[in-house]
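Here is the structure we will look at.
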Amino acid sequence: MKILFRTGLFFLLCSCAMVSHKTEKINGVSFVASRDTINNVHIKPILQIHANYAAIMPFGFIKELSHPEIVFNTERQWYGERKVGVKQYTESLRQHHVKVMVKPQIWVGRGAFTGGIKMTSEADWKVLEESYTGFILTYAKLAQELHVEIFCIGTELESFIDNRPEYWKQLIVEIKKIYKGKLTYAANWNEYDRTPFWEYLDYIGIDAYFPVSDEKTPTVETCRNGWLNYKPNIKVFSETYKKPILFTEFGYRSVDFAGKEPWKSDRGMNVVNLEAQTNTMQVLFEEFWNEDWFAGGFLWKWFHNHKDAGGENDSRFTPQNKPVEDLVKAQYAN
1 MKILFRTGLF FLLCSCAMVS HKTEKINGVS FVASRDTINN VHIKPILQIH ANYAAIMPFG
61 FIKELSHPEI VFNTERQWYG ERKVGVKQYT ESLRQHHVKV MVKPQIWVGR GAFTGGIKMT
121 SEADWKVLEE SYTGFILTYA KLAQELHVEI FCIGTELESF IDNRPEYWKQ LIVEIKKIYK
181 GKLTYAANWN EYDRTPFWEY LDYIGIDAYF PVSDEKTPTV ETCRNGWLNY KPNIKVFSET
241 YKKPILFTEF GYRSVDFAGK EPWKSDRGMN VVNLEAQTNT MQVLFEEFWN EDWFAGGFLW
301 KWFHNHKDAG GENDSRFTPQ NKPVEDLVKA QYAN
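Everything in the sequence shown is counted per this note's numbering, starting at 1 for the first residue and increasing by one.
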């Protein structure tokens, strides 16, 4: 009896240990920078959907795709896009036990896609590299000062990376001298499998705008079938690098054909379809959130003024005040 009791106790303790060390999913929101400070009123809706992480996104600006200089942290920018805003947002969220990923991003003039940033001369490449290093290390230092949990070294910069891979590897070395937390990069959905530096990071970051359905109102079944084109490869990729997958951005617009080209933000797409948004999101949650190799993700996107954001006549990405918000809340509660 004594031996049986000790054996049972041993297994009980092992079982408890396993439960206590289970990795918590990153149930995140991409917290959009605003003109103002944030307070408890702005944070409460995040807590109500059970989010445990927020991505804070300072911005740098480039005039055009071939322009090498990045302008950042200037008084002309919105409060939330600057160092002062990153600090205030992070400290406010921390008071409510919300963890943070700092995710500096580039905005190209006229909204051009950042993946197309490409210089026309070696001299301009050098200027861009120096400028980007200043931009990223500024926020890496701040992330370290704030003890931020995750730092994202870039977002959807495929041409920059394709053309200058050695620069990026050296940049990671410089970041690690400053910042001691977890690192990722936000690769576009069709870029991640050729990004050359995953071995040096902690998460394989993917902006998960994979096309999953050509239907006007995507059904759950169609979306599930659509993920068969990608999910097995994502899993193998994670296993190959022995790194968890993090959806650095994920989400769908509340429009017709939401699953066809989910990355599109064209304002001409304005026929509201709430069911399309809900169905596509449901399948993404069901396909990924229970996988051990999947770390979680950051919902695109969440505005600070919740009561005025989104709504059932809104065709944009945010889930706020739409039926899909209840789906997000139920998933994050788990």
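Just so it is clear, CB atoms sit at the ideal spot from N, CA and C, and this is done for glycine as well.
Keep in mind the model is a prediction, meaning the values are calculated, not measured.
Exclusion of the five residues before and after Q88 leaves T37 as the residues of its chain whose Cβ lies within less than 6 Å of its Cβ. For the options I178, D162, D214 and L228, the alpha carbon positioned closest to that of D193 is the one of D162. Remark: C-beta atoms of G311 and T280 do not approach each other more closely than 7 Å. Shown here, W198 sits in a helix according to DSSP, grouped into three states. Across the set F31, K83 and D314, the C-alpha of K83 shows the shortest separation from the C-alpha of L146. If you draw a 10 Å sphere on the C-beta of V328, you find 16 or more other C-beta atoms in it, and that means buried.
Distances from the alpha-carbon of A55 to those of R110, R94, F61 and W189 put R94 closest. Excluding sequence positions up to five before and after N73, its CB lies within less than 7 Å of the CB of R82, K83 and T138, all in the same chain and listed in chain order. Excluding the 5 residues flanking it on each side, W293 has same chain C-beta neighbours closer than 8 Å at K235, S238, E239, P244 and I245, in chain order.
Nearest neighbour of S159 by Cα position, chosen from T184, V100, P196 and E91, turns out to be P196. Residue range P323 to A333 is occupied by the alpha helix (DSSP H) that includes A333. Excluding its 5 nearest sequence neighbours in each direction, T318 has C-beta neighbours in its own chain below 7 Å: K301, W302, F303, A309 and G310, listed in chain order. For E261 against D207, the beta-carbon gap comes to about 13 Å, at or over 8 Å, which does not count as contact. By the neighbour-count criterion, in which 16 or more other beta carbons inside 10 Å mark a residue as buried, N290 falls on the exposed side. Residue state for A258 is assigned as coil, using DSSP reduced to three classes.
Remark: C-beta atoms of G296 and K25 approach each other more closely than 7 Å. Restricting attention to beta strand (DSSP E) runs no shorter than 3 residues, the region 57 to 89 encloses them at 59 to 62, ordered along the chain. If you check the CB distance, W189 and Y167 do not come in under 7 Å. Within the region 165 to 215, the complete beta strand (DSSP E) segments at least 3 residues long are 182 to 188 and 204 to 207, listed from N- to C-terminus. In this structure, I150 lies away from M119, with their beta-carbon atoms at least 7 Å apart. Around the C-beta of N313, fewer than 16 other C-beta atoms lie within 10 Å, and the residue is accordingly described as exposed.
For N52, the closest of I70, V98 and N40 by C-alpha to C-alpha distance is V98. Taken atom to atom, the span from the alpha-carbon of I43 to that of T90 is near 11 Å.
For I38, the secondary structure class from DSSP, reduced to helix, strand or coil, is coil. Taking 7 Å as the cut-off, the beta carbon of P68 is found closer than this to the beta carbon of L128. Residue nearest to T278 within the set T219, Y332, K242 and V271 is T219 (criterion: CA-CA distance).
E191 has its alpha-carbon roughly 16 Å from the corresponding atom of P232. Spatial neighbours of V272 in its own chain (CB-CB distance under 8 Å, excluding positions within 5 residues in sequence) are listed in chain order as S254, V255, E312, N313, D314 and S315. Comparing C-alpha distances from Y179 to each of S265, Q144 and A187 shows the shortest one belongs to Q144.
Secondary structure at T318: coil, using DSSP grouped into helix, strand and coil.
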